[in-house]
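Chains as they are written, first to last, in this note's numbering: chain U, 5 to 187; chain S, 6 to 1137.
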């Protein structure tokens, strides 16, 4: 337990303090998990080992699920700030640095949910479970490397739709063939 | 949106069976992923899930390695593998296939391949190298979506050493007609800037183009880079202020397309980014702040809607207003804003309000007073995070009068907090406050007891160290010292008598040390009692062996008299057969010293702490041993980084292209900073960081006298200084308890009188008055002057003046530090009794040389110019010759001035004479002259009027340079129509691409009042470079010894066989490098930075470029030199 803590800290430190140039990373990671504590999406903007990721996820899911509904959406957790919000059965949870702006992070979460909603058309947890790769595509188009890349809803969705279009064009003829070949 | 249909996982099975449901239609429930997910949801136990996934993974593994699997199937497999990884099962076998998919798939499969890669791999993963070719190909693709995909993955992760390979392609994309490509290219460059800033040094002008892009998205993306660059060097970007203000004005005014609105607020993310940039630019800069007042005011006014997003902007705005040069009108509005936050019913806003309050309370303590009742309520808030933030706020407003109440609140929180991180942080803060503001001995010792019991083994180790140091070094009054120590002893004895079982190990160590050192102070205390308490500790099985060592050392100090000797014999017999060598050694020491009291008195003198101990950190006393060992044939010692390097080099040879050899050493490079990828510097970097971290944690660290603590990021230094002066006059009376404080309140006129309130409120009011005592407008002084030491009870004595910076090397003689210290001490003393006399020589009585020098330098005007606080606000317009000029250099002056050049410099090569500044008839010019072993700066002062200029004083200063005057006596007057020449010799302290000398000249014209002019002079680092003549063998040994390096590809001068020689010749001529040897495609070059700092360069031709590797013992030197090499080759 003790050594794990130190280990993580070292890993984070090694990333954040590269000599005199402090790396300016806004978001450290984003997790989506269900009310039952099942992870639905995870995006890490800092390099951590799988072991550390698992440990962080486990601890955070536990902490956040234990919070009562009327409580603050922010959490101090180790030396990070956790900003979380629940939408229906899903928790959206972001880790930021202490001096960052918690409220804007809350709105980043909201904008992401809006994007998902628009894309899937009244999104629900199931959409995200079964099409999680799409949810990732949308996230990558919205946040890149932990920074807001494009905040215009229209532009994000345009980019995704264009890529999807390409996908379908290529997919239709082949999928028919494959269906035949397979069955 | 949040009221979207509440479909939860429990509803899943029923949903899946109903294909008509809108959600289910998209679920493609026939897919294999669908099957897998459905399978998992039907399971009941974790164990079953494990089995299912393992089965799934085995089948995926089989299929991915089968040659018949199509890319389309592969895509599907990768999605499933990603899913399994998300559930926490390792699927590392699929990583390589994800890369393959990105490489070979068509657009749609590629997309999944790239996604899987970005999810599977860390940015340090070595497989990432295999992605480089794919990215390269896709960047050149005509399909926009492929280009987008490549840029997306590059902006997330890319091997640092391979950046040069794709950089030109990414740069090219900055001119792409599609804004999405331009935007992603900017973000990719941002990523490069983060991981390897020197690689993108040359494209700063392109960033500027991106900032001016017509598409707001591209512009927004470029702000990420600017924020980072401005953070590192705010001075360099002051000229951007007006543009940023204009952009913000347009955004706030709603000039952006509607798409960028978020809940009808225009581009909030952009606004926040701009506000952050403004606060960096306006910090400590009045004139720059002036430019932004208007737009900040407008931002405050516009953000009135009741929505989270407007609050987010307001918060950033408030932060900015408090960061830049203050303007009372804006501060008032910002304060009102914070008030709204704090008073809000919404808990998130309340939290942010507290955070903002914490942030600004040092500047404006009245704000805390205004909201005292809210703060009290927050202290009892059911949500711990609100409580925690409130304590943080209280911590910032603690003074000598409210310390007891605040510390009590903090300890209360500590007792219920279960989180290690919070405990560590808070314990540190309590210790800091206790040390600073303790009202009396009793309170101090008791508080520290709680700190040690609660903090236990998670607290920062510097807390007990600093506590023991404080006890041993003592304060100004001998009597006080004795009382404090005696009280500590009494308190610890009663703690041990009460049963030490639950006490943490660190606390036991503190206790043993204090008892060993000071129990003789307590007269009623029989040494035998202490010994028996200590030996009980030894017997306890909860006591760790490290603690036992401490206990044994304490016993060694105490084993006097017959009873003592017999206890000592018994104990030493038990432990001299211990398996633990450290314990065995302590036992031996105990045995010997208990029998020879004379020896003990010499080895462990009482009150030894009065004499500082010089620790020989170079271990020179081992030299004899080492040389003997070497003579006997032992291999010479190599530091770890060197061993690593050699290993890396051996491996590197096996890889053909130079560029590709780099990643092998990547494991060591990747975590280091960009200048120094070797292990040594990494470890030093880390240790430096941990110091920083402990400061961040606010733990009590040693406060050295005279070292001012910088309070808050926002503090205004100028303001603080004046405040401190006043603060010294006020000596607040220490108060014992809250009730007494209440009384003190009444006499304290400046404390705000509580408004009349109903009965139940009275308790809170009382708490408020005890918490906020000393925060009135008058006593805000002592709050502001928190760094002021006169307020502190435990004020450290000035010890060993002049060594404060090197304090880590001087430790007190009293075994404060871990037992290893004892070893060297015992060892030395037993072997060599001379040491004691040497110690006497290094007694603290030597005059405070350094500080005296400094004070004279600051107070009067003398010739020594090294430590001057001269600032010059010159715009940084870097000219080609690397000189900043306030006026255009005029040729005639050059001619006429050059004749005044000192004779000894006349034959040497020199820069053009540049005008620095002018004031009426006084003109300053300067040039630099390069000697073989020196660099001279010559300043010409031309007085073109008839009257004389008197009382002239020229002061030069530089962050990067050591400036010393060459002339014996300072020039004080310039006669009419004459020129005076001042000559300075410059050496580099801290390398930087351009180094700058700032100067100020004050003078008195014959008629007028005192005047002064400021100027600055920039010169390239290259002027300090001289050839270094070494042989190839010497070069080899030096190469291995240097730890700071950098690597880069340079363009070759010609494309033929002689290209290496030609290129090196250009460098030799332009930068005065010494070419040591050229062998085939490789060349080695050496140079030195004046006076004698070596830098080595290894060049090799690789694929049409010159791969250059520079090394030096000086951290920034390789980076700066590579920059000049680049320029030299470009200019050629």
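Note that CB positions come from ideal geometry on N, CA and C, so glycine has one too.
Item	Value
Please list, in chain order, the chain S residues whose beta carbon lies closer than 9 Å to that of residue 70 of chain U.	Result: empty, since nearest Cβ-Cβ is about 11 Å, beyond 9 Å.
Whole angstroms is fine: what's the gap from residue 421 of chain S's alpha carbon to residue 64 of chain U's?	20 Å
What in chain U is Cβ-close to residue 188 of chain S, meaning under 8 Å?	153, 154
So, at 6 Å on beta carbons, what are the nonlocal neighbours of residue 357 of chain S in its own chain, with the 5 sequence-adjacent residues on each side left out?	320, 346
Would you mind giving the Cβ-Cβ distance between residue 100 of chain U and residue 30 of chain U, rounded to the nearest angstrom? I have them listed as a contact below 8 Å.	6 Å
Along chain S, in chain order, which residues have C-beta atoms closer than 7 Å to that of residue 166 of chain U?	150
Which of the three DSSP states is assigned to residue 1035 of chain S in this structure?	coil
Given that a residue counts as buried once 16 or more other Cβ atoms are within 10 Å of its Cβ, and exposed if not, what is residue 145 of chain U?	buried
How big is the Cα-Cα spacing for residue 913 of chain S and residue 990 of chain S?	14 Å
So who's on the other strand from residue 1079 of chain S, going by DSSP bridges?	S:1091
So residue 111 of chain U contacts chain S; which residues on that side make the cut at Cβ distance below 8 Å?	267, 273, 313, 314, 317
Are the segment 517-526 of chain S and the segment 451-466 of chain S in contact at 8 Å, needing three or more beta carbon pairs?	no
Would you verify that the beta carbon of residue 141 of chain U is, or is not, closer than 8 Å to some beta carbon of chain S?	yes
Going along the chain, which residues of its own chain have a beta-carbon closer than 7 Å to the beta-carbon of residue 486 of chain S, five neighbours each way excluded?	479, 480
Which residue from S:1016, S:924, S:455 puts its Cα closest to that of residue 418 of chain S?	S:455
Which class does residue 979 of chain S belong to by DSSP, given the choice of helix, strand or coil?	strand
Given a cut-off of 8 Å on the beta-carbon distance, is the pair residue 186 of chain S and residue 152 of chain S in contact?	yes
Could you tell me whether the Cβ atoms of residue 362 of chain S and residue 372 of chain S are closer together than 8 Å?	yes
Within this structure, are the beta carbons of residue 123 of chain U and residue 86 of chain U separated by less than 8 Å?	no
In terms of residue numbering, what span does the alpha helix (DSSP H) encompassing residue 80 of chain U cover?	First-last for residue 80 of chain U: 78-81, but that is the beta strand (DSSP E), not the alpha helix (DSSP H).
Give a yes or no on whether the C-beta atoms belonging to residue 178 of chain S and residue 156 of chain S are separated by under 8 Å.	yes
If we ignore side chains and look at the alpha-carbon of each, how far apart do residue 106 of chain U and residue 592 of chain S end up?	57 Å
Against chain U, which members of the segment 405-421 of chain S pass a CB distance test of less than 8 Å?	none
Please check the pair residue 123 of chain S and residue 91 of chain S, which I expect to be a contact at CB under 8 Å, by giving their CB distance rounded to whole angstroms.	At roughly 13 Å, the Cβ-Cβ gap does not stay under 8 Å, so residue 123 of chain S and residue 91 of chain S are not in contact.
I need the straight-line Cα distance from residue 949 of chain S to residue 905 of chain S, nearest angstrom please.	15 Å
Applying the criterion that 16 or more other CB atoms from any shown protein chain within 10 Å of the CB defines a buried residue, is residue 18 of chain S buried or exposed?	The predicted model places residue 18 of chain S with a pLDDT of 40, which falls under 50 and marks its position as unreliable; any figure quoted below should be read in that light. Under this definition residue 18 of chain S is an exposed residue.
What is the rounded straight-line gap between the Cα of residue 549 of chain S and the Cα of residue 558 of chain S?	15 Å
In chain U, which residues lie with their C-beta within 7 Å of the C-beta of residue 94 of chain S?	Here the premise fails: no neighbours, minimum Cβ distance about 10 Å.
Below 8 Å between beta carbons: does that hold for residue 348 of chain S and residue 379 of chain S?	yes
If you draw a straight line from the alpha carbon of residue 986 of chain S to that of residue 971 of chain S, how long is it in whole angstroms?	11 Å
Please classify residue 642 of chain S: is it buried, with 16 or more other beta-carbons within 10 angstroms of its beta-carbon, or exposed?	exposed
Please classify residue 175 of chain S: does DSSP put it in a helix, a strand, or coil?	helix
I'd like the list of long-range same chain contacts for residue 967 of chain S, defined as Cβ closer than 6 Å, with 5 residues on each side in sequence excluded.	992, 994
Using a 10 Å radius around the Cβ and a threshold of 16 neighbouring Cβ atoms, would you call residue 277 of chain S buried or exposed?	buried
Where does residue 328 of chain S land, buried or exposed, given buried means 16+ other C-beta within 10 angstroms?	buried
The alpha helix (DSSP H) with residue 962 of chain S in it runs from where to where?	Residue 962 of chain S -> not in any alpha helix (DSSP H); beta strand (DSSP E) instead, spanning 954-962.
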